[in-house]
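Have a look at the structure below before the remarks.
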Amino acid sequence: MDHEQQRNGKGKFERGIESVRRDAAAAEMRAQRPTPTYQEIADRLGYSDKGEAWRGVQRAKADVAREPVARLIASEAAQLDELYAAALEVLERDHVVVSYGSVVKGEDGKPLLDDGPKLAAIRELRGIRESYRKLHGLDAPSRVSVDAQQLGDDILALLDRATDGDTDS
1499 MDHEQQRNGK GKFERGIESV RRDAAAAEMR AQRPTPTYQE IADRLGYSDK GEAWRGVQRA
1559 KADVAREPVA RLIASEAAQL DELYAAALEV LERDHVVVSY GSVVKGEDGK PLLDDGPKLA
1619 AIRELRGIRE SYRKLHGLDA PSRVSVDAQQ LGDDILALLD RATDGDTDS
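For the record, in the sequence shown the residue sitting at position 156 is 1654 according to this note's numbering, with numbers rising by one throughout.
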């Protein structure tokens, strides 16, 4: 575990700015030619071992993707906001029953109200809220087998090594 990590208010470890910088430096070193080994990176940057240096490079790769992903989520959320506002307008309007091109009136002479569009708007609003939950990861995560997760991690590690052309991890 990285010595610069601190627990947040929820008891989980968070990386400090120095840890983020060190991980970025590890990724930069890894990109150099000739490619340094993970042990060389660990020795130079103060990681406890070559495995921790490898994990630092992986964290740096993930950090690079965070900003574009955050922008994508914000864009998707804005589109959902627009859809939500449009569906809310339908929900708040009164709709009348129309038959053969004419407004149907009740015995009192007033137009009959049609609840169908309001019910459809409610379904849409519910669907949009579900999309928000998925977009922001608020739904309970699916159960994943630990073995399957480990297999996935092993495959990613092998692919990284293969693309780096370095067998020293």
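Where a beta carbon is used, it is the ideal one built from N, C-alpha and C, also for glycine.
Exposure of residue i, with buried meaning 16 or more beta-carbon neighbours within 10 Å
| i | result |
| --- | --- |
| His1501 | Residue placement at His1501 is flagged as unreliable, the pLDDT there being 47, under the threshold of 50; the coordinate-derived value follows with that caveat. So His1501 ends up on the exposed side. |
| Met1499 | Any reading at Met1499 must be qualified, since the residue scores a pLDDT of 44, below 50, and its modelled position is unreliable; the value itself is stated next. Looking at its Cβ environment, which holds fewer than 16 other Cβ atoms inside 10 Å, Met1499 is exposed. |
| Asp1521 | buried |
| Ile1539 | buried |
| Arg1564 | exposed |
| Pro1672 | Residue 1672 falls outside the range modelled here, since the chain spans only 1499 to 1667, and no answer is possible. |
| Val1602 | exposed |
| Arg1542 | exposed |
| Ala1560 | exposed |
| Arg1528 | buried |
Three-state secondary structure (DSSP) of residue i
| i | result |
| --- | --- |
| Pro1532 | coil |
| Glu1512 | strand |
| Leu1611 | strand |
| Ser1546 | coil |
| Val1555 | helix |
| Val1596 | strand |
| Val1467 | A query on residue 1467 cannot be resolved here, the shown segment of the chain reaching from 1499 to 1667 and no further. |
| Arg1659 | helix |
| Leu1623 | helix |
| Leu1636 | coil |
| Arg1591 | coil |
Of the residues the options, the one placed nearest residue i, counting alpha carbons only
| i | options | result |
| --- | --- | --- |
| Ala1575 | Arg1542, Arg1520 and Arg1627 | Arg1627 |
| Ser1597 | Arg1621, Leu1610 and Gly1625 | Leu1610 |
| Ala1558 | Lys1616, Arg1513 and Ser1629 | Arg1513 |
| Arg1591 | Glu1605, Tyr1582 and Asp1613 | Asp1613 |
| Gly1635 | Ala1568, Asp1579 and Ala1655 | Ala1568 |
| Ala1525 | Ile1571, Val1555 and Ala1560 | Val1555 |
| Ala1655 | Ile1515, Tyr1536 and His1593 | Tyr1536 |
| Ala1551 | Ala1523, Ala1572, Ile1571 and Gly1650 | Ala1523 |
| Arg1659 | Val1562, Gly1549, Gly1625 and Asp1645 | Gly1549 |
Inter-residue CB distance, residue i and residue j (contact presumed, cutoff 8 Å)
| i | j | result |
| --- | --- | --- |
| Leu1578 | Tyr1630 | 6 Å |
| His1593 | Pro1615 | 4 Å |
| Tyr1582 | Leu1623 | 7 Å |
Legend entry - At least three beta-carbon pairs within less than 8 Å, the region 1615-1627 to the region 1578-1591: The region 1615-1627 vs the region 1578-1591: in contact.
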